[in-house]
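Read the structure below first, then the notes.
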Amino acid sequence: MARKEPTFGQLIGYMSDIDKSDEQFNVYQNLFARKADAVEAEFHENAAHIPKRKNGNFLYHEILSISKAQKLDAEEQKRILRDIAHEYARRRAESNLVFGALHDDHDEHLHYHLLISANPRGESKKTRLSKAQFDKLKKTLETEVLRQYPELEQRVVINKEAGEKLSRKGAERKRRTGKTPERDAVQDKLRAIFTGCASKQDFFTALSEAGFEFYVRGKTLGIKDLATSRKYRLKTLGLLDGFQALSDRIELNERAKTERQAAMQAAPEPESTKQTAEQATPTPTETPKEKAQHQAAEPTPQDDLDARQTRRKEEIDGIRAERKGATKGKQDKQ
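Per my numbering, the very first residue in the sequence shown carries number 945; after that it's consecutive.
Structure below.
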């Protein structure tokens, strides 16, 4: 899957999750660094050579997967898959930066996440493969892997319609016409949904709009066509890998969203924002009773005038009393 933004750190963080990845099996191509932050810095430095262009690709996120063999040691399976990942990276983009991480978080399969730079190291021109070239690369590598590593117990997937199972009537129709109209239509719709969704909400909305319903029965994942009430297992449609890629993408996007929200909550609020918030805070509205009490507590101009007159009257009365007392004193002396 191509990405239009240089989200190297986000993807490297997901790929390096200690609960899923096994660091000793990491894949490095044209990279000097081994620590996650230093690997991210190398990818950013290399991406700086790419001319700025609207909707241009910065990286590719691709997945290699094998089902777990019953008779082969788990560590040996990982070593073989690492060799396959190295060979794939060399054929896919020999001069580009490649970081790969092995995830062993599923019971039935192992898979590699590969982060591939859009441009060769230190160059501005991007690496491009046509669809035909890309398909040929995958089919050729699968053929060689099946021949070289029979102990992996893998089945042909890419060189035929992966995992598709047909009824006898369906197989006969396909032999005669090359098509199974109803099944093919369901496959096409689901492929478009799996590649076009970025969140759980997008996924379930797209299913609903297409007239489908997702169901889980034990370890079986499937789709129900609401128009015909017919159920299709993703495994029989050959769409398990596509669904797994969708699940990984959704998980990665949700993790990035959570990290952004945490960063926003941790960031201090700017002073200008605080002042604006304070200015925007409405003054509480007083009830008529509270307003009357408030007005009664505050002196009015009339109250102020009455107070001054009262004080003046008290001063005059005091002066008169003093004069009266002085006159009486003189009379007593005489």
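Just so you know, even glycine gets a beta-carbon here, dropped at the ideal spot from N, CA and C.
| message | My output table needs one value for Pro894: the three-state DSSP class, helix, strand or coil. | response | Outside the displayed range of the chain (945 to 1278) lies residue 894, so it cannot be described from this structure.
| request: Hey, could you find the ends of the alpha helix (DSSP H) Glu1062 is sitting in? | output: Start at 1 with the first residue of the sequence shown, and residue 1062 comes out as number 118. Per the sequence shown, the amino acid found at residue 1062 is Ala instead of Glu. Not the alpha helix (DSSP H): Ala1062 falls in the beta strand (DSSP E), residues His1053 to Pro1064.
| field | For Asp1169: DSSP bridge partner residues | value | Here the question's residue 1169 lines up with position 225 in the sequence shown. Phe1156 and Arg1174.
| said: Only counting the same chain, and skipping five residues up and downstream in sequence, which positions put a Cβ closer than 7 Å to that of Arg1052? | reply: Taking the first residue of the sequence shown as 1, we reach residue 1052 at position 108. Sequence check: residue 1052 is Glu here, not Arg. Once the five neighbours on either side are set aside, the close Cβ partners of Glu1052 are Ser1011 and Lys1012.
| request: Classify Thr1071 as helix, strand or coil using the three-state DSSP reduction. | output: Counted from its first residue, the sequence shown places residue 1071 at position 127. Correct three-state label for Thr1071: coil.
| said: Please state the DSSP three-state secondary structure of Met959. | reply: If you number the sequence shown from 1, residue 959 lands on position 15. In this structure, Met959 counts as helix in the three-state DSSP scheme.
| Using a Cβ-Cβ cut-off of 7 Å (strictly less than) and excluding sequence neighbours within five positions of Pro995, which residues of its own chain qualify? | Working through the sequence shown from its first residue, we reach residue 995 at position 51. Result list for Pro995: Ser1068, in chain order.
| message | According to DSSP, is Ile1102 part of a helix, a strand, or is it coil? | response | By 1-based counting over the sequence shown, the position of residue 1102 is 158. If DSSP states are grouped into helix, strand and coil, Ile1102 belongs with coil.
| task | May I ask you to list the residues that DSSP assigns as paired with Val983? | result | Residue 983 sits at position 39 when you count from the first residue of the sequence shown. Answer by DSSP bridge pairing: none, since Val983 is not bridged.
| field | the segment 982 to 1000 touching the segment 1087 to 1105, judged by at least three CB pairs closer than 8 Å | value | no
| Near Leu1081, what residues of its chain come up, given a Cβ to Cβ distance below 6 Å and the 5 sequence neighbours on each side ignored? | Indexing the sequence shown from 1 puts residue 1081 at position 137. Closer than 6 Å at the Cβ level, and outside the excluded window around Leu1081, lie Arg1035.
| Would you call Gln973 buried or exposed, if buried means 16 or more other Cβ atoms sit within 10 Å of its Cβ? | Locating residue 973 in the sequence shown gives position 29, counting from the first residue. Flag for Gln973 reads buried.
| For the beta strand (DSSP E) that contains Gln973, what are its first and last residues? | Numbered from 1 along the sequence shown, position 29 holds the residue referred to as residue 973. Val971 to Gln973 is the span of the beta strand (DSSP E), which, as asked, contains Gln973.
| query | So Ala1129 and Gly1155 are in contact, right, with Cβ under 8 Å, and what is the actual spacing, rounded? | reply | What you label residue 1129 is simply residue 185 of the sequence shown in a count that begins at 1. What you label residue 1155 is simply residue 211 of the sequence shown in a count that begins at 1. About 11 Å separates the two Cβ atoms, so there is no contact after all.
| query | What do you get for Glu1019, buried or exposed, if any count of 16 or more other CB atoms within 10 angstroms of its CB means buried? | reply | Locating residue 1019 in the sequence shown gives position 75, counting from the first residue. It counts as exposed.
| Which class does Arg1112 belong to by DSSP, given the choice of helix, strand or coil? | Looking up residue 1112 in the sequence shown gives position 168. Interpretation of Arg1112 is limited by its pLDDT of 49, a score under 50 that renders its predicted location unreliable; the figure taken from the coordinates is listed afterwards. Note: Arg1112 maps to helix in three-state DSSP.
| query | Would you report the Cα separation of Ser1039 and Phe976, rounded to the nearest angstrom? | reply | Your numbering for residue 1039 matches position 95 in the sequence shown. Your numbering for residue 976 matches position 32 in the sequence shown. Each residue's alpha carbon lies about 14 Å from the other.
| Can you find a C-beta in chain D that's less than 7 Å from the C-beta of Ala946? | Absent here is chain D; the protein component of the structure consists of one chain.
| query | Touching or not, the segment 962 to 972 and the segment 1020 to 1033, by the rule of three or more beta carbon pairs under 8 Å? | reply | yes
| field | Candidates Leu955, Ile1007, His1005 and Glu1126: closest to Glu984 by CA position | value | The residue labelled residue 984 in the question sits at position 40 within the sequence shown. With distances taken between Cα atoms, Glu984 lies closest to Leu955.
| field | Alpha carbon of Tyr958 to alpha carbon of Leu1184, nearest angstrom | value | Translated into positions along the sequence shown, residue 958 becomes position 14. Translated into positions along the sequence shown, residue 1184 becomes position 240. Cα to Cα, the separation comes out at about 21 Å.
| task | Use the C-beta contact count for Leu1003: other C-beta atoms within 10 angstroms, 16 or more gives buried, fewer gives exposed. | result | Stepping through the sequence shown from its first residue, residue 1003 is reached at position 59. Leu1003 is buried by the Cβ-count criterion.
| said: Comparing C-alpha positions only, which one of Leu1165, Arg947, Asp981 and Ile1028 sits nearest to Arg1177? | reply: Mapped onto the sequence shown, residue 1177 falls at position 233. Here the closest residue by C-alpha is Leu1165.
| request: Drop a sphere of 10 angstroms on the beta-carbon of Arg1193, count the other beta-carbons inside from all chains shown, and report buried for 16 or more, exposed for fewer. | output: In the sequence shown, the residue the question calls residue 1193 occupies position 249. It counts as buried.
| query | Short check: CB of Ile1028 to CB of Val1042, under 7 Å? | reply | As a working note, residue 1028 is residue 84 in the sequence shown. As a working note, residue 1042 is residue 98 in the sequence shown. Taking 7 Å as the Cβ cut-off, Ile1028 and Val1042 do not qualify as a contacting pair.
| said: I need the straight-line Cα distance from Leu1058 to Arg1174, nearest angstrom please. | reply: Position 114 of the sequence shown, counted from the first residue, corresponds to residue 1058. Position 230 of the sequence shown, counted from the first residue, corresponds to residue 1174. Approximately 36 Å, taken between the alpha carbons.
| Beta-carbon proximity list for Tyr1056, same chain, < 6 Å, skipping 5 on both sides | Along the sequence shown, one-based indexing puts residue 1056 at 112. Correct list, in chain order: Leu1008, Ala1029, Gly1044 and Leu1046.
| Mapping DSSP to helix, strand and coil, what is Ser965? | Working through the sequence shown from its first residue, we reach residue 965 at position 21. Residue state, collapsed to three classes: strand.
| query | With 16 other CB atoms within 10 Å as the buried threshold, where does Ile1167 fall? | reply | For the purposes of this step, residue 1167 is taken as residue 223 along the sequence shown, with counting starting at 1. Ile1167 is buried by the Cβ-count criterion.
| task | Please report how far the alpha carbon of Arg997 lies from the alpha carbon of Phe952, in whole angstroms. | result | One-based indexing of the sequence shown puts residue 997 at position 53. One-based indexing of the sequence shown puts residue 952 at position 8. Going by the C-alpha atoms only, they are around 18 Å apart.
| query | In terms of alpha-carbon separation, which member of His1050, Leu1073 and Leu1151 lies closest to Lys1163? | reply | Along the sequence shown, one-based indexing puts residue 1163 at 219. Ranking His1050, Leu1073 and Leu1151 by Cα distance to Lys1163 puts His1050 first.
| task | Tell me whether Lys1118 sits in a helix, a strand or coil according to DSSP, three-state version. | result | For the purposes of this step, residue 1118 is taken as residue 174 along the sequence shown, with counting starting at 1. Low per-residue confidence applies at Lys1118: pLDDT is 49, beneath 50, and the placement is therefore not dependable, though the value from the model is reported in the following sentence. Lys1118: helix per DSSP, three-state reduction.
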